[in-house]
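Novice:
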DNA sequence: CTCTTTGCTACAATTATCGTAGCAATACGC
DNA sequence: GCGTATTGCTACGATAATTGTAGCAAAGAG
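Chains as they are written, first to last, in the numbering used here: chain A, 21 to 129; chain B, 21 to 129.
1. On the criterion of 16 or more Cβ atoms from any shown chain inside 10 Å, does residue 121(A) qualify as buried, or is it exposed?
2. Mind listing which residues of the stretch 80-93 of chain A have their C-beta closer than 9 Å to chain B's C-betas, in chain order?
3. At a Cβ cut of 8 Å, what residues of the stretch 46-77 of chain B count as close to chain A, listed as they run along the chain?
4. What number of angstroms, rounded off, separates the C-alpha of residue 23(B) from the C-alpha of residue 89(B)?
5. Can you give the Cα-Cα distance for residue 60(A) and residue 101(B), rounded to whole angstroms?
6. So what's residue 109(B) in DSSP terms, helix, strand or just coil?
7. Under 8 Å, Cβ to Cβ, is there at least one residue of chain A near residue 119(B)?
8. Got a sec: is the Cβ-Cβ distance from residue 7(A) to anything in chain B below 8 Å?
9. Within this structure, are the beta carbons of residue 94(B) and residue 57(B) separated by less than 8 Å?
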């Protein structure tokens, strides 16, 4: 399996502005992108398990996001089967960890 | 001006699951939501200035996101004119600050 | 009053996402 | 071998979100 994701670096809004943060915000601002990273935070998941974890996303979007996140270098399809965070993806995920406690405090405790 | 945003708490995916983080990830995963918060990180901006800062977003989405973020309690329409982060929104924005350095390192520096 | 800015909306067109179904490839038990 | 289950992934039409352009009423400055 393990098809190569498209190699062209396009579609990420802000990538031409020279402001990497804009490209990153655009990429993470696409539906289910944050959620996918979040669900992978602890352990790798198969695409089916990931779909289940993400409240039964349609496989169309899931696959699109997986390709994009893979091209960005945040996740990878490990040889043992299943998607997992790369070293870079793990660093990114660390950034969102404080979000958990914030969310608790936010939505009526 | 300052119309009341819709008062019903709907549309935020995951809000019924009892997992606030899911609702937050869904809200922030909508297009331009992260970007809007980012652009307001330093100082309040008028809706027009915000539109300019966000690469000329269509006012339709901008207004929708502003309403949602306002309902969530992250931003507010200050009396002096212009949108600004609330105390809660400022805390949320702090969480994303490390993202800046990460983005630099990510996209070929 | 005129002129400008602000926050916001209408409308049609485009794009993204959804939901269901299904495929080829691989791996298992038998 | 055979059946069967799982994995990663795609096709397809239907629905929802986003876009782009134009414009509005209200408030302020001159």
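Every residue, glycine too, gets a C-beta built ideally from N, C-alpha and C.
Specialist: Based on what the coordinates show:
1. The residue in question, residue 121(A), is exposed, as its Cβ has fewer than 16 Cβ neighbours within 10 Å.
2. Answer in chain order: 92 and 93.
3. Against chain A - using a Cβ distance shorter than 8 Å - the residues of the stretch 46-77 of chain B are 46, 48, 49, 50, 51, 52, 53, 54, 55, 58 and 75.
4. Model confidence at residue 23(B) stands at a pLDDT of 34, short of 50, so the residue's coordinates are unreliable; what they give is reported in the following sentence. Roughly 14 Å between the two C-alpha positions.
5. As the crow flies, the alpha-carbon of residue 60(A) is around 42 Å from that of residue 101(B).
6. Correct three-state label for residue 109(B): helix.
7. Cβ-Cβ to chain A under 8 Å: yes for residue 119(B).
8. Because residue 7(A) is not part of the residues shown, which for chain A are 21 to 129, the question remains open.
9. Yes, they are a contact pair.
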